[in-house]
Amino acid sequence: MSFWLRFALRSVLRRRRRTLITFIAVGFGIAMLIVLGAIMVGVNDTMVANAVALRGGHLMVESPPQGMDAAIAAAEHWQRAAERPEVVNALPRCSFAAMLTGQGSLRALQLTLVDPSAEAEKSPIPANLVAGSWLKTEPGLVIGDAVARELQLQVGDEVRIATAERQYRLPLVGIFHTGVQLLDAGFGYLPFSVASRFEQETAVSLTSAIFVAAGSDLPRLRQQIQAAGGEGARVYLWQEKLPEVEQLVKLNEFAMQVMILLVIAILAFGVANSLLLSVMDRYRHFAILKAIGVRPRELVVTVIGEALVICLGAGLLGTLLGCLISLGWGQVGLDIGRYTSFNPHFSINSLIYPRLVPVMVLLPQGLALVTGVLAAFWPALVAARRRVSAGMRDI
Amino acid sequence: MNERFLQLDGVSRCFGSGHTAVLALREINFSLAAGDLVALVGPSGSGKTTLLNLLGALDRPTSGSIRLAGELVSSFSEQHAAEFRRQQVGFVFQDDTLIPELTLAENVELPLVLLGIGHGERRQRVAELLAKFGLEARQDQFPPLLSGGEKQRGAVARAVIHRPQLLLADEPTANLDAASALAVLAAIRQLAADYGLTVLISSHDPRVFEQFPRQLRLSDGRLSQAGS
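Protein chains in written order, with this note's numbering: chain X, -16 to 378; chain A, 59 to 286.
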């Protein structure tokens, strides 16, 4: 250990009470920023997971309208194109517009043909039924509770479906409630097995959903699947199809960055205050050092070294504490349903799992170090600029 | 001996300006030869500390010039003055002069660290000097655990470890009992003889200045008497 580092370390340790208070302030601040950052990431994770689960996956394959058979063949083709290690589920879906007729009233709906068993594994719709049961291979229809209420339909009723070509009849087997108005009032689900009942000319779009493992490189995966699938459809990132969710994620991140800056700025004033008091206590000793021949810039380095010792030590301990709390909390999760019960982005799952990401772990520590050093400049300059003869009079 | 090793010509130092100006030193002229032991005598407020600060390049005269070994000390930049102090000057102050964060050995070692001398040589020179001062058993103690006499002997050791040409001591025995004061003075005289140091020691204590063959008497900022 160099002489001056040892000197800085001893200077910090000698003023134990003041150092301890500064140490706790910096360490606790960094720990809490890391925990808050992990919670923010967990909130974003849950919000994105809810949104992509309800609205079409991490990657969405969409095509222009085509005939019924062509759309179903395309769905199978893209399901094969999506077979990759990172892909957890590739759900074939084909959608078309229709009118539903209930007790004397009509409602426009987007109906989606799905594989019932595959959907049951991943889609939140089967888990959010409020009446009836999820689709099986037998003909049947599942709709949202808002539509059911409006059309006064109940499970077991026969529902008339009108496309541009003709009318069909299917039994209503289930009613779901997600809390997302767009889904509850605008979507219905049918099994692929009923496709043959519809006219070939029905205009059907591919709307397949692809779910991937956490941490996957989505843009790269999109390129690979697009290349494997060809030009018949386009693969979208969830951010392109759900811009409002991406905006919320970015808003959360921005709010967190502002909070980090505010906390770090407050910590910097604390470090500056502590060091300034420490420097003022030692005017005489700094004067003696200058009399011995220590240059002003060496005094600056010494005081900044003290700030580094405090910020690095407290930062490492704070980082360790913050990581431990976040990891522990990440295991048990945190239910924020009390605060999100009317929020559509948390309607199907309000349990968040705080998660550490490198930038949110390193940023508070790095900023604390940088601002700590900057904050030390003022006390350091005070020490360096004071005249020796003036310093020798201070005891 | 070279009588012009240290030469002061018309040195004055004024603090403040206008109505509040205080003339701490007025037209000081004297010279010392290398190896001289001189006591700077005078009552409190007579300008002893101001004069020592000027000689050690801790301060600059308002007018006049100070030359040490041919160099014009009074015109040094702050950077040059720091270099000058770390190589040519040793300081001993009144009290509380050891850095409390460093052990006695580290305090004594400090000037050698500043000169970039290697760790092995530093340790050896510190051990030799502390042994000469009878402080070898106390070398790992921090200053608060040392007696007043031990602290001042340590301060003297720190002031001479780098073999400066000039040793400036500002009331080094003021807060010491008689025995400790005599031990510190004996150490200074011994070192001056061993290393050929030029020593200027300020004091208003007859026990001190009587031991020095030459005395400079300051009164109200004027060098009123130069005797031996």
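No residue lacks a Cβ here, since even glycine has one placed at the ideal position from N, Cα and C. Treat the numbers as computed from the prediction; the structure is a model and nothing was measured.
Whether residue i touches residue j by CB criterion (9 Å)
i	j	result
L173 (chain A)	R143 (chain A)	no
I335 (chain X)	D98 (chain X)	no
V147 (chain A)	A115 (chain A)	yes
G127 (chain X)	L166 (chain X)	yes
C294 (chain X)	A351 (chain X)	yes
L24 (chain X)	L345 (chain X)	The identity of residue 24 (chain X) in the sequence shown is Val, whereas the question assumes Leu. No, Cβ-Cβ distance for V24 (chain X) and L345 (chain X) is not below 9 Å.
R62 (chain A)	P119 (chain A)	no
I259 (chain A)	P222 (chain A)	no
A21 (chain X)	G313 (chain X)	yes
P158 (chain A)	P101 (chain A)	no
A7 (chain A)	R211 (chain A)	Lying before the first or after the last residue shown, residue 7 (chain A) is absent from chain A, which here runs from 59 to 286.
Reduced DSSP category for residue i - H, G, I as helix; E, B as strand; rest coil
i	result
I271 (chain X)	helix
Y336 (chain X)	coil
I243 (chain X)	helix
F200 (chain A)	coil
S286 (chain A)	Note on S286 (chain A): pLDDT 47, under 50, position unreliable in the model; the coordinate value appears next. Looking at S286 (chain A) - three-state DSSP - the assignment turns out to be coil, as it is neither helix nor strand.
A(-9) (chain X)	helix
P271 (chain A)	coil
I383 (chain X)	Because chain X here runs from -16 to 378, residue 383 (chain X) falls outside it and cannot be looked at.
N326 (chain X)	coil
V31 (chain X)	helix
S46 (chain X)	coil
S277 (chain A)	strand
I175 (chain A)	coil
T84 (chain X)	strand
T161 (chain X)	coil
T161 (chain A)	coil
M59 (chain A)	Any reading at M59 (chain A) must be qualified, since the residue scores a pLDDT of 47, below 50, and its modelled position is unreliable; the value itself is stated next. Coil.
D67 (chain A)	strand
Cross-chain neighbours of residue i in chain X, by beta carbon under 8 Å
i	result
G114 (chain A)	A274
E136 (chain A)	P279
T155 (chain A)	I271
A140 (chain A)	K273, G276, V277, R278 and P279
Same chain, Cβ closer than 6 Å to residue i, neighbours up to 5 away in sequence not counted
i	result
E121 (chain X)	none
N111 (chain A)	D117
A91 (chain X)	M82
T146 (chain X)	A81 and T185
Y219 (chain X)	M43
S(-6) (chain X)	E289
A250 (chain A)	L95 and V257
D198 (chain A)	T161
Chain X contact residues for residue i, given Cβ-Cβ distances below 7 Å
i	result
R183 (chain A)	Correct list: empty, because the minimum Cβ distance to chain X is about 15 Å.
V171 (chain A)	F(-14)
Residue i: contacting residues in chain A (beta-carbon distance under 8 Å)
i	result
R(-7) (chain X)	E159 and L160
V371 (chain X)	N111, L116 and D117
R(-3) (chain X)	P158 and E159
Cβ neighbours of residue i in the same chain (closer than 7 Å, five flanking residues each side left out)
i	result
P169 (chain A)	R144, R216, I219 and H220
V246 (chain X)	G12 and L16
F88 (chain A)	L66, L274, L281 and A284
A211 (chain X)	A64
E208 (chain A)	L193 and R196
A114 (chain X)	V138, G157 and I158
M59 (chain A)	The pLDDT assigned to M59 (chain A) is 47, lower than 50, so where the model puts this residue is not dependable, and the model offers no usable value.
L243 (chain A)	T231, V266 and Q269
Whole-angstrom C-beta distance between residue j and residue i, which should lie under 8 Å
i	j	result
G40 (chain X)	L94 (chain X)	Contact doesn't hold; Cβ gap of about 18 Å is too wide.
G14 (chain X)	I308 (chain X)	The amino acid occupying residue 14 (chain X) in the given sequence is Ala; Gly does not appear at that position. The pair is a contact, with the Cβ atoms about 7 Å apart (cut-off 8 Å).
G157 (chain X)	V138 (chain X)	7 Å
A213 (chain A)	V266 (chain A)	The pair is not a contact, with the Cβ atoms about 15 Å apart (cut-off 8 Å).
K224 (chain X)	M30 (chain X)	Contact flag wrong, Cβ pair sits at about 15 Å.
R217 (chain X)	E45 (chain X)	6 Å
V96 (chain A)	R272 (chain A)	5 Å
G171 (chain X)	V232 (chain X)	With a Cβ gap of about 29 Å, G171 (chain X) and V232 (chain X) do not count as contacting.
M51 (chain X)	Q240 (chain X)	Contact flag wrong, Cβ pair sits at about 49 Å.
S123 (chain A)	L130 (chain A)	6 Å
L188 (chain A)	V171 (chain A)	That pair is no contact at about 16 Å.
V26 (chain X)	W221 (chain X)	The Cβ separation is near 17 Å, so there is no contact.
P362 (chain X)	V292 (chain X)	So it is not a contact: roughly 14 Å between Cβ atoms.
V305 (chain X)	V9 (chain X)	Residue 305 (chain X) is actually Gly in this sequence, not Val. Wrong, their Cβ atoms sit about 12 Å apart, outside the cutoff.
Any non-hydrogen atom of the ligand FAD within 8 Å of residue i CB
i	result
G139 (chain X)	Among the components modelled here there is no ligand, and therefore nothing to report on the ligand FAD.
Contacts of residue i in chain X (Cβ-Cβ under 9 Å)
i	result
F191 (chain A)	Neighbours of F191 (chain A) on chain X: none; closest Cβ ~18 Å, over 9 Å.
Cut-off 8 Å between Cβ atoms - residues of its own chain near residue i, not counting five sequence neighbours on either side
i	result
F329 (chain X)	T29, M30, N33, I319, G320 and T323
Q164 (chain X)	A129 and P327
Chain A contact residues for residue i, given Cβ-Cβ distances below 9 Å
i	result
F11 (chain X)	Per Cβ cutoff of 9 Å: no residues; F11 (chain X) is ~26 Å from chain A at best.
F237 (chain X)	Per Cβ cutoff of 9 Å: no residues; F237 (chain X) is ~44 Å from chain A at best.
F6 (chain X)	Within 9 Å Cβ-Cβ: nothing; F6 (chain X) doesn't reach chain A, min ~17 Å.
Contacts of residue i in chain A (Cβ-Cβ under 7 Å)
i	result
F252 (chain X)	By Cβ distance, chain A contributes nothing, its closest Cβ being about 25 Å from F252 (chain X), past 7 Å.
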